[in-house]
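Structure first, commentary second.
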Amino acid sequence: MATRTEAQGNLIPAVTGTPGRIAIAVLGIAAVGALGLATQGASRDTILASVTAFLLVAAVVALVLSVAWKAARRLAGIARVALSASVPWVPGLAGVGTLVIYYALAGEAFVAGWPNVDPAWAIPIGSAIALLGWVALAVLSAGSLTGRGANERAFGEVSARARTLRARFNAAEGGSPAARAEIDRHLDWLEQHLADEAPDSRWASGVAYLDAWVALHRAEEALLEFASPADLEAEILHDELRVTSSRLGQESDMLATRLADAAQATGMRGDRRSAPDPAEFAHACSIAREVRHAVNEFRHARWDGLVRARNRLTKSTQMTSWTTYLLLAIAIVLDAPPEAIGAGVVFYLVGAVVGLFARLRTDARLDEAIEDYGLAVARLRQTVVASGLAAMGGVVLVGISAGAGLTTGGDGPVAMVDIFNVSTPGGLLVAAVFGLAPNLLLERLRTKSDEYRRELGDTAPVNGLDSDTVPPPLGDAAASAD
1 MATRTEAQGN LIPAVTGTPG RIAIAVLGIA AVGALGLATQ GASRDTILAS VTAFLLVAAV
61 VALVLSVAWK AARRLAGIAR VALSASVPWV PGLAGVGTLV IYYALAGEAF VAGWPNVDPA
121 WAIPIGSAIA LLGWVALAVL SAGSLTGRGA NERAFGEVSA RARTLRARFN AAEGGSPAAR
181 AEIDRHLDWL EQHLADEAPD SRWASGVAYL DAWVALHRAE EALLEFASPA DLEAEILHDE
241 LRVTSSRLGQ ESDMLATRLA DAAQATGMRG DRRSAPDPAE FAHACSIARE VRHAVNEFRH
301 ARWDGLVRAR NRLTKSTQMT SWTTYLLLAI AIVLDAPPEA IGAGVVFYLV GAVVGLFARL
361 RTDARLDEAI EDYGLAVARL RQTVVASGLA AMGGVVLVGI SAGAGLTTGG DGPVAMVDIF
421 NVSTPGGLLV AAVFGLAPNL LLERLRTKSD EYRRELGDTA PVNGLDSDTV PPPLGDAAAS
481 AD
């Protein structure tokens, strides 16, 4: 009775859904066609052959359309992800395209000048060029939005760890059914997650890797319940070294005490002459799992902070880039002289280069063994954009407040045309000095991220038992980091 009811429940959605409606429509057309042939006196064999041919053609067309629809949906999903990941480059493409077209229309470069063409047309034409470049970048970057393409090192490491953990789990004996089901569920999800080769922006942001490490570490924690006495002793010693060298604060002492209790239960702190008591050993396994979970959570929170900082910095860089392009568009619309716009570009580049070299000098001291999922690269991009904008702002500020030192004019109000002039004394120097300002603003972010790096290094695994260099963040936090 239950089977019949279940079959009826599956049949109703199949009939009332889109495929069922299409099938009913096709059968209705076939029935109407057969009736029409019958009214015209066609033979039974003719009607049967016609209806059969019609149904075969309809089936082939439906199959082709279904495959095409699935392919189109997949391509649309890939295009959406690729375009979304390429958005940060659009303002730069628009700025370069607009400048090139502007100087071409103004007769300053490439061509002798186009009569009766307003140079302001450089803005829509440059925007169109940016859109074309955006599509081209999306096509070229689609391969870098997969797990292997976005960060091959992290993907290879987590894949190797997953295979090792699966082998250990298959060879493990004992343990509770709940722990076995938990490990199996985490590993199944992890293997499916890693096998998915569809482009996803979460790989580029690092969130997908961090979610993979969440599942891997949860499975490793549960696998401690299957450890033998010798293996558990090694795991406890392993975590004692991590906790002792960590920056967990008061919690470090508590975890060390818990590990000492677990070691006592396994006989590590005395002369063990017999097998440990099963109940005490099971309790020791639970303590080891609890401590491993606490250490992982501490590291997860630090990695989550790095990922969130990277994503926030990426978004702020986009806003700064669009602001820069807006200033360029305003200058063109207000008919600023090509020389002044060119001087502004020079000041921008001077500030960007100076800020970039200062950032590279600072980042040269970073520990490359700690994966930051693009935080350092995001800081470089932000430095280039912000330093260029700060250089232009500094030139304007100093030019207005001390016009005599930066302009060729005398007393009275200072014109922007005079300020944006590369031949005026001190302009390039001011641009270089103000180009260093964003590095001072980013110093707090660098200090915080370096603190996270030190804490991650202090709690890093010290042997091959848990040699990950890319721990995961909290699951919920990782989902919202993008």
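Using the numbering used here, you'd call the opening residue of the sequence shown number 1 and step up by one each time. By construction, the Cβ of each residue, glycine as well, lies at the ideal position given by its N, Cα and C atoms. A quick note: this is a predicted structure, and the numbers were derived from the prediction, not measured.
Which residues mark the beginning and the end of the alpha helix (DSSP H) in which residue i is found?
i	result
F281	278 to 333
V60	44 to 86
Q192	177 to 195
N439	437 to 441
L226	Note on residue identity: the sequence assigns Phe, not Leu, to residue 226. Taken as a continuous stretch (DSSP letters only), F226 belongs to no alpha helix (DSSP H), as it is neither H nor E.
F420	Per DSSP, F420 belongs to no alpha helix (DSSP H) and is neither H nor E.
I370	Careful: I370 lies outside any alpha helix (DSSP H) and carries neither H nor E.
L145	It is not in any alpha helix (DSSP H) - L145 carries neither H nor E in the DSSP assignment.
N151	Careful: N151 lies outside any alpha helix (DSSP H) and carries neither H nor E.
P338	338 to 363
Out of curiosity, what's the CA-to-CA distance linking residue i and residue j?
i	j	result
R73	R80	10 Å
G426	V350	13 Å
T324	W134	18 Å
D304	P91	28 Å
L406	D335	Because the pLDDT at L406 is just 45, under 50, the model does not fix this residue reliably, and the point stays unresolved.
L327	A150	33 Å
A178	D188	15 Å
P438	L397	16 Å
A89	H238	Note that residue 89 corresponds to Trp in the displayed sequence, not to Ala. Rounded to the nearest angstrom, the two C-alpha atoms are 45 Å apart.
T424	A431	12 Å
I370	A154	11 Å
G409	V422	No answer about G409 holds up, because its pLDDT of 48 lies below 50 and its placement is not dependable.
A212	V158	7 Å
G33	V64	23 Å
V117	L75	40 Å
I47	S66	28 Å
S252	A263	16 Å
P276	A195	42 Å
W322	S316	10 Å
G156	I125	43 Å
S141	V207	18 Å
V354	I341	20 Å
P278	A167	25 Å
R308	A160	26 Å
D45	A38	11 Å
L35	A53	16 Å
D476	R148	Because D476 sits at a pLDDT of 36, beneath the cut-off of 50, its placement in the model cannot be relied upon, and the following sentence gives the value as read from the coordinates. Roughly 23 Å between the two C-alpha positions.
So which of the options has the shortest CA-CA distance to residue i?
i	options	result
E221	I183, V90, N439	I183
A23	S127, L93, A62	A62
R180	S423, F169, L190	F169
A260	R185, A288, E251, Y103	A288
T146	E197, P119, Y102	E197
S86	L241, V139, G344	V139
G174	A227, A53, A142, W203	A227
A230	W213, E251, S201, A265	A265
T362	L436, G95, L255, A279	L436
P337	V417, A263, G393, I330	V417
P119	L210, I330, A59, S84	I330
G344	E290, G95, M254	G95
V100	V395, V354, I332	I332
V346	A59, E297, L428, S286	L428
H293	V214, T39, V60	V214
S201	S84, G399, E339	S84
Considering only the beta carbon of each residue, do residue i and residue j sit closer than 8 Å?
i	j	result
L356	V377	no
A71	V51	no
L232	A171	no
A390	F434	yes
A82	P199	yes
R218	H186	yes
A352	S401	no
V295	R242	yes
Q382	L440	no
Y348	M319	no
L93	A130	yes
S205	N311	yes
A162	L190	yes
A306	Y209	Before going on, a small fix: residue 306 reads as Leu here, not Ala. Cβ distance not < 8 Å, so L306 and Y209 don't count as in contact.
L224	E240	no
Since I believe residue j is in contact with residue i (beta carbons under 8 Å), could you give me their beta-carbon distance rounded to a whole number of angstroms?
i	j	result
L375	R359	About 12 Å; that fails the 8 Å criterion.
T98	I78	With 8 Å as the limit, T98 and I78 do not qualify as a contact, their Cβ atoms being about 29 Å apart.
L216	L165	7 Å
I'd like to know if residue i contacts chain D, where contact means its C-beta is closer than 8 Å to some C-beta of that chain.
i	result
G28	Annotation note: the requested chain D is absent from the structure, which comprises a single protein chain.
Report yes if the C-beta of residue i is less than 7 Å from at least one heavy atom of the ligand SAM; otherwise report no.
i	result
P229	Inclusion of the ligand SAM in the displayed structure is not the case, the ligand content being empty and no account of it being possible.
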